[in-house]
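Worksheet: one structure, shown below.
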Amino acid sequence: MIKILGLVFLVSCSSLDANGLTLYPIFDRGTPFICTKGAKAGPGRSHNSKTSKYAVDLQLKGVSDLLSVFDGTVIAVTNCKNRKSSCGSGYGNFVKILSKSGYIAFYSHLNKVFVRNGQRVKVGQRIGSQGKSGHASGPHTHFTINYSWIDKGMRAHKKSKTLLPRSIDYNFNVCANKQCTSRSIIKASKLTCRTKRLKIYKF
Ligand SMILES: [Zn+2]
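As structure tokens, this is what we get:
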């Protein structure tokens, strides 16, 4: 973030500062969403492995397109026709995008995938739509930021289509190219994510 005359502007790409990695929005600005499961899901549930420690399950209401959170290259895609629970080893139709800085954005359980493996994508580009493919009880997107294949080498990635490096916390941003308030940027691990008393966020 850059502060000018007391107003907060976001730089034109995802950025890393003292507050950590701040991403561009995962979906169109103003889309209402529910966080059904977050980073603190606890033992016995998913999101307690190294690769999904900071995962969030987001259920979008209305518009369901998902956007690339940074400029990068698509390094893995599954696009199952049957969308069964075994599709993508449970992750269903998924997309992994690698940024130049070595972060991987992982979107899973998609309905449709709009990108192909090896494709360069720009921040804000539509990469797929929310779905319930793979092992999912309802439409939602399981989203993580993982870091990094660079320390292990791309060979590690090629060994497994679904294997991911460790997940990291990041700033979840629902405001782009506008004057943003601090309310529109939340740490992923601080999002209120519950299966009971669900909170609909709309910014
Ligand atoms: Zn999940």
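Basically our numbering = 1-based index in the sequence shown + 1011.
Backbone N, C-alpha and C fix where the C-beta goes; we use that ideal spot for every residue, glycine too.
{"query": "Alpha-carbon spacing of Leu-1018 relative to Gln-1136, whole angstroms", "result": "Confidence in Leu-1018 is poor, its pLDDT being 39 and thus under 50, which makes the residue's placement too unreliable to answer from."}
{"query": "DSSP three-state assignment for Ala-1116, whether helix, strand or coil", "result": "strand"}
{"query": "Under the three-state DSSP convention, the category His-1050 falls into", "result": "Here the sequence assigns Ala to residue 1050, which means His is not the residue at that position. DSSP places Ala-1050 in coil when its eight states are reduced to three."}
{"query": "Lys-1133 Cβ short of 8 Å to ligand 1 heavy atom set", "result": "no"}
{"query": "Gly-1031 - DSSP class collapsed to helix/strand/coil", "result": "strand"}
{"query": "6 Å Cβ shell around Ile-1197 - same chain, five flanking residues per side excluded", "result": "Phe-1183"}
{"query": "Nearest to Thr-1062 (by Cα), restricted to the options Lys-1201, Phe-1125, Val-1134, Ala-1116", "result": "Ala-1116"}
{"query": "Beta-carbon gap between Phe-1154 and Ile-1037 smaller than 9 Å", "result": "yes"}
{"query": "Among Lys-1213, Gln-1141, Arg-1208, Ser-1200, the one whose alpha carbon lies nearest that of Asn-1059", "result": "Ser-1200"}
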